[in-house]
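*Asks:* Chain order of the listed sequences is A and B. Counted from 1, the first sequence has number 61 at position 61 by this note's numbering; the numbering is strictly sequential. Numbers in this note's numbering are just positions in the second sequence, counted from 1, shifted up by 259. By construction, the Cβ of each residue, glycine as well, lies at the ideal position given by its N, Cα and C atoms. Quantities reported herein were computed from a predicted structural model and do not represent experimental measurements. Questions regarding the structure given below will be posed in turn.
2 protein chains.
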Amino acid sequence: MNERVDKAAARPPGFAPRRHRDPHARLRGAALELFATNGYQSTTVDAIAQLAGMSRRTFFRYFSSKEDAIFPDHDSLLVEVEARLGAMSSGSPVEAVCAAMHTVFESYLTDHDVALERYQLTHTIPTLRDREIASVSRYQRLLTSYLGSRYGRSAKGALQAELVAAAVIAAHNHVLRRWLRRGCTGRPRVDLDRAFEYVCSTFEPAAPPDRLGDQARSDDCDPATIAVFRSSLPLAEITEAIARLADEADPLDPDGTAV
Amino acid sequence: MNERVDKAAARPPGFAPRRHRDPHARLRGAALELFATNGYQSTTVDAIAQLAGMSRRTFFRYFSSKEDAIFPDHDSLLVEVEARLGAMSSGSPVEAVCAAMHTVFESYLTDHDVALERYQLTHTIPTLRDREIASVSRYQRLLTSYLGSRYGRSAKGALQAELVAAAVIAAHNHVLRRWLRRGCTGRPRVDLDRAFEYVCSTFEPAAPPDRLGDQARSDDCDPATIAVFRSSLPLAEITEAIARLADEADPLDPDGTAV
Chain A
1 MNERVDKAAA
11 RPPGFAPRRH
21 RDPHARLRGA
31 ALELFATNGY
41 QSTTVDAIAQ
51 LAGMSRRTFF
61 RYFSSKEDAI
71 FPDHDSLLVE
81 VEARLGAMSS
91 GSPVEAVCAA
101 MHTVFESYLT
111 DHDVALERYQ
121 LTHTIPTLRD
131 REIASVSRYQ
141 RLLTSYLGSR
151 YGRSAKGALQ
161 AELVAAAVIA
171 AHNHVLRRWL
181 RRGCTGRPRV
191 DLDRAFEYVC
201 STFEPAAPPD
211 RLGDQARSDD
221 CDPATIAVFR
231 SSLPLAEITE
241 AIARLADEAD
251 PLDPDGTAV
Chain B
260 MNERVDKAAA
270 RPPGFAPRRH
280 RDPHARLRGA
290 ALELFATNGY
300 QSTTVDAIAQ
310 LAGMSRRTFF
320 RYFSSKEDAI
330 FPDHDSLLVE
340 VEARLGAMSS
350 GSPVEAVCAA
360 MHTVFESYLT
370 DHDVALERYQ
380 LTHTIPTLRD
390 REIASVSRYQ
400 RLLTSYLGSR
410 YGRSAKGALQ
420 AELVAAAVIA
430 AHNHVLRRWL
440 RRGCTGRPRV
450 DLDRAFEYVC
460 STFEPAAPPD
470 RLGDQARSDD
480 CDPATIAVFR
490 SSLPLAEITE
500 AIARLADEAD
510 PLDPDGTAV
């Protein structure tokens, strides 16, 4: 926190916030500036409005409270995520929610200065941290609801929906926090893709069918055979074992679902 | 909410809270009673203390705020979960965190009247719901930290720790909420065991090695090789491919830090 205070104090007061033409961004800039210099508790809505060169009334046209000023517009983002899920015409359920969460991720990437300031504030002020955690849970509920509609209303479907939603959110936040901790450096999009690939492969493994019903039986999915061997086994024995499996495969399950 | 208010109003005032000898339970009973009859916002700490037949000062000896009075003692529970994880000498990382979370689950089961009243309150009062969500995240951080120490400090280990912790917490809460929604009926312990088994089999499938780093390399676990081929491929090509794989296996990343 000390570094932030010094950095902010070195700037001419009001410089950053007044730069923005957009009133929303100006108010947010003023709030971040004052939280960093005077502390979160001591900053009033009046002071934020004053620094932004606006009235208290204008502040409340854009935000419902002091802490609202530094958080992303989750209401709009949730609507966007929901719309994206609704428009999804291809992909597995896990792929769909991962794709939709890119919308949220990009909103942090676009505004990385604000994301970084917010990260530093939520790290030191428990009220703000709790508030952020509560926001995250709204995305999780939205994803759970969508996944529930795809997995079906069975007890297993409902559980799977909860677990996948929790894992997707955890993967998103893990990559986001890592990028913020490193001062917004690195390749966050690549990291997110990898993390989401890992979630997809965990919950929708490529080979075994039947895990997610129709998904694994789609036409563009080549039937596969999986063989597991001890790595200490000589190659000749492995070849022999495969030959035996090949003999056995035909009369059994033509879809190659064995093993 | 209306049903609860009626139910509470039908009881002689102060009956339930005064029954308990334990001051902690008496104060909590009084808080629940008043929240249900007069509403959460209108209930003061003074009113709670008065109904319990105690002083305001005594109230603050047991709770730091009005809402504290209805939540489980998460500080103690977190210490218990941490101690249980520390004492875990067998089982995989996922099994260990699932076992430790039984402690939390049992605390809800033991006090099911309070759990039910709390569930109804957190459902209708956003402040309380956010507060509960923030509590849940403390368990998730604790499990992530334990799992991180078991999976290793690689990028993959850190991600895996986050995902497993999120899934275990989601499974726990899914079963808990389902039981509460059904008015504390059914077989919650059986449901929890099944949900945890599902989490374990998702993150630690029986066959594939390498998924969990050191875990799969422990002495009692034979290293294995998995090969996936199109079932239409001629056997000769499969044998050749295996030979190639065997050559390539050694120089690859022994820690599997990718992802």
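1) The alpha helix (DSSP H) spanning K156 of chain A covers which residue range?
2) Using three-state DSSP, classify C459 of chain B as helix, strand or coil.
3) Is P126 of chain A helix, strand or coil by DSSP?
4) Determine the extent of the alpha helix (DSSP H) in which S76 of chain A is found, giving its start and end residues.
5) In whole angstroms, give me the CA-to-CA distance for L286 of chain B and F60 of chain A.
6) Measuring CA to CA, which of A:P205, A:V190, A:V81, A:V175 is closest to T144 of chain A?
7) By DSSP, does G407 of chain B sit in helix, in strand, or in coil?
8) Assuming V363 of chain B and L387 of chain B make a contact with CB atoms under 8 Å, what is their CB distance in whole Å?
9) By the three-class DSSP mapping on this structure, what secondary structure does F63 of chain A have?
10) Taking C-beta to C-beta, are D73 of chain A and D389 of chain B nearer than 8 Å?
11) Closest by CA to F294 of chain B, which one among B:R315, B:S408, B:R440, B:I384?
12) Between which two residues does the alpha helix (DSSP H) harbouring P41 of chain A extend?
13) For the candidate residues B:A342, B:A328, B:G411, whose alpha-carbon lies nearest to that of T302 of chain B?
14) Kindly list, in the order they appear in chain B, the residues whose Cβ is closer than 9 Å to that of I133 of chain A.
15) Tell me the rounded alpha-carbon separation between D111 of chain A and L159 of chain A.
16) Quick check on the burial criterion: 16 or more other C-beta atoms within 10 angstroms. Buried or exposed for V79 of chain A?
17) Who are the near neighbours of G445 of chain B in its chain, counting only those whose CB is closer than 7 Å to its CB and skipping five residues on each side?
18) Any beta carbon from chain B within less than 8 Å of I48 of chain A's own beta carbon?
19) Taking the straight line between their C-alpha atoms, what separation do you get for M88 of chain A and Q300 of chain B?
20) Taking C-beta to C-beta, are E204 of chain A and S92 of chain A nearer than 8 Å?
21) Does the CB of Y405 of chain B have a neighbour CB from chain A at under 8 Å?
22) For chain B, find out if any of its Cβ atoms is closer than 8 Å to the Cβ of T202 of chain A; answer yes or no.
23) My output table needs one value for G29 of chain A: the three-state DSSP class, helix, strand or coil.
24) Which residues of chain B have a Cβ atom closer than 8 Å to the Cβ of H74 of chain A, listed in chain order?
25) Given this structure, state the Cα-to-Cα distance separating R343 of chain B from I133 of chain A, to the nearest angstrom.
26) Is any beta-carbon of chain B found at less than 8 Å from that of I70 of chain A?
27) For H382 of chain B, would you say it is in contact with chain A, using Cβ-to-Cβ distances shorter than 8 Å as the test?
28) Roughly how many angstroms separate the alpha carbons of V373 of chain B and M54 of chain A, rounded to a whole number?
29) Excluding the five sequence neighbours on either side, which residues of its own chain have a C-beta within less than 6 Å of the C-beta of R211 of chain A, listed in chain order?
30) Kindly say whether A167 of chain A, judged by its beta-carbon, lies nearer than 8 Å to any beta-carbon of chain B.
31) Could you tell me if V190 of chain A is buried or exposed, where buried requires 16 or more neighbouring beta carbons within 10 angstroms of its beta carbon?
32) Between Y171 of chain A and chain B, is any beta-carbon pair separated by less than 8 Å?
33) Could you name the residues of the same chain whose beta carbon sits closer than 8 Å to that of V395 of chain B, not counting the 5 residues immediately before and after it, in chain order?
34) Excluding the 5 residues preceding and the 5 following A52 of chain A in the sequence, name in chain order all residues of the same chain whose CB lies nearer than 6 Å to its CB.
35) A421 of chain B versus chain A: which residues are under 8 Å apart at the beta carbon?
36) Near C459 of chain B, what residues of its chain come up, given a Cβ to Cβ distance below 8 Å and the 5 sequence neighbours on each side ignored?
*Replies:* Inspection of the coordinates gives the following:
1) The residue labelled residue 156 of chain A in the question sits at position 156 within the first sequence. Taken as a continuous stretch (DSSP letters only), the alpha helix (DSSP H) holding K156 of chain A covers 155-181.
2) Locating residue 459 of chain B in the second sequence gives position 200, where the first residue counts as 1. The answer is helix: DSSP assigns C459 of chain B an H, G or I state.
3) In the first sequence, counting from the first residue as 1, residue 126 of chain A sits at position 126. In the three-state reduction of the DSSP assignment, P126 of chain A falls in the helix class.
4) Sequence index remark: in the first sequence, residue 76 of chain A carries index 76 (1-based). Counting along the chain, the alpha helix (DSSP H) containing S76 of chain A begins and ends at 74-87.
5) Taking the second sequence and counting its residues from 1, the one referred to as residue 286 of chain B is at position 27. Taking the first sequence and counting its residues from 1, the one referred to as residue 60 of chain A is at position 60. Distance between the alpha carbons of L286 of chain B and F60 of chain A: 39 Å.
6) In the first sequence, the residue the question calls residue 144 of chain A occupies position 144. Ranked by how close their Cα comes to the Cα of T144 of chain A, the residues A:P205, A:V190, A:V81, A:V175 have A:V81 in first place.
7) The residue you call residue 407 of chain B lines up with position 148 of the second sequence. DSSP places G407 of chain B in helix when its eight states are reduced to three.
8) As a first step, residue 363 of chain B must be located in the second sequence, where it is residue number 104. As a first step, residue 387 of chain B must be located in the second sequence, where it is residue number 128. With a Cβ gap of about 18 Å, V363 of chain B and L387 of chain B do not count as contacting.
9) Counted from its first residue, the first sequence places residue 63 of chain A at position 63. Residue state, collapsed to three classes: coil.
10) Here residue 73 of chain A corresponds to residue number 73 of the first sequence, with the count starting at 1. Here residue 389 of chain B corresponds to residue number 130 of the second sequence, with the count starting at 1. In this structure, D389 of chain B does not lie closer than 8 Å to D73 of chain A by Cβ.
11) What you label residue 294 of chain B is simply residue 35 of the second sequence in a count that begins at 1. It is B:I384 whose Cα lies nearest to the Cα of F294 of chain B.
12) As a first step, residue 41 of chain A is located in the first sequence; it is residue number 41 there, counting from the start. At residue 41 of chain A the sequence reads Gln, which differs from the Pro that was named. First-last for Q41 of chain A: undefined, no H or E at that position.
13) If you number the second sequence from 1, residue 302 of chain B lands on position 43. When each option's Cα is compared against that of T302 of chain B, the closest is B:A328.
14) Here residue 133 of chain A corresponds to residue number 133 of the first sequence, with the count starting at 1. Going along chain B in sequence order, the residues near I133 of chain A (Cβ under 9 Å) are D389, I392, A393, V395, S396.
15) Your numbering for residue 111 of chain A matches position 111 in the first sequence. Your numbering for residue 159 of chain A matches position 159 in the first sequence. About 35 Å.
16) On the first sequence, position 79 is the one that residue 79 of chain A refers to. Burial call: exposed.
17) Here residue 445 of chain B refers to the residue found at position 186 when the second sequence is read from its first residue. Contacts found: W438.
18) Your numbering for residue 48 of chain A matches position 48 in the first sequence. Answer no: the Cβ-Cβ gap between I48 of chain A and chain B never drops below 8 Å.
19) As a first step, residue 88 of chain A must be located in the first sequence, where it is residue number 88. As a first step, residue 300 of chain B must be located in the second sequence, where it is residue number 41. Per the coordinates, the alpha-carbon of M88 of chain A lies some 42 Å from the alpha-carbon of Q300 of chain B.
20) As a working note, residue 204 of chain A is residue 204 in the first sequence. As a working note, residue 92 of chain A is residue 92 in the first sequence. Contact check for E204 of chain A against S92 of chain A passes: the beta carbons are separated by less than 8 Å.
21) One-based indexing of the second sequence puts residue 405 of chain B at position 146. It does not: the Cβ of Y405 of chain B has no partner Cβ on chain A nearer than 8 Å.
22) For the purposes of this step, residue 202 of chain A is identified with residue 202 of the first sequence, where counting begins at 1. It does: the Cβ of T202 of chain A has a partner Cβ on chain B nearer than 8 Å.
23) Sequence index remark: in the first sequence, residue 29 of chain A carries index 29 (1-based). Three-state result, G29 of chain A: helix.
24) By one-based count along the first sequence, residue 74 of chain A stands at place 74. What H74 of chain A touches in chain B: nothing, since even the nearest Cβ is about 13 Å away.
25) As a first step, residue 343 of chain B is located in the second sequence; it is residue number 84 there, counting from the start. As a first step, residue 133 of chain A is located in the first sequence; it is residue number 133 there, counting from the start. Straight across, the Cα-Cα distance linking R343 of chain B with I133 of chain A is about 26 Å.
26) The residue labelled residue 70 of chain A in the question sits at position 70 within the first sequence. No, no contact with chain B.
27) To locate residue 382 of chain B, count along the second sequence from 1; it is residue 123. Chain A, which has no Cβ nearer than 8 Å to the Cβ of H382 of chain B, makes this no.
28) The sequence position of residue 373 of chain B within the second sequence is 114, counting from 1. The sequence position of residue 54 of chain A within the first sequence is 54, counting from 1. When the Cα atoms are used, V373 of chain B and M54 of chain A turn out to be separated by approximately 48 Å.
29) The residue labelled residue 211 of chain A in the question sits at position 211 within the first sequence. With a pLDDT of only 43 at R211 of chain A, under the threshold of 50, the placement of this residue in the model should not be trusted, and no figure is reported.
30) Locating residue 167 of chain A in the first sequence gives position 167, where the first residue counts as 1. Closer than 8 Å: yes.
31) Within the first sequence, residue 190 of chain A is the residue found at index 190, counting from 1. V190 of chain A should be labelled exposed.
32) Here residue 171 of chain A is taken as the residue at index 171 of the first sequence, counted from 1. The sequence given here places Ala at residue 171 of chain A; Tyr does not occur at that position. Yes, A171 of chain A counts as interfacial toward chain B.
33) One-based indexing of the second sequence puts residue 395 of chain B at position 136. For V395 of chain B, where only same-chain residues beyond five positions count, the Cβ hits under 8 Å are I428, N432.
34) Numbered from 1 along the first sequence, position 52 holds the residue referred to as residue 52 of chain A. So the qualifying residues of the chain are P17, R26, L27, A30.
35) The residue given as residue 421 of chain B occupies position 162 in the second sequence. Strictly speaking, residue 421 of chain B in this sequence is Glu, with Ala absent from that position. The contacting residues are A170, A171, N173, H174.
36) Residue 459 of chain B sits at position 200 when you count from the first residue of the second sequence. Within the same chain, C459 of chain B has close Cβ partners S351, V353, E354, C357.
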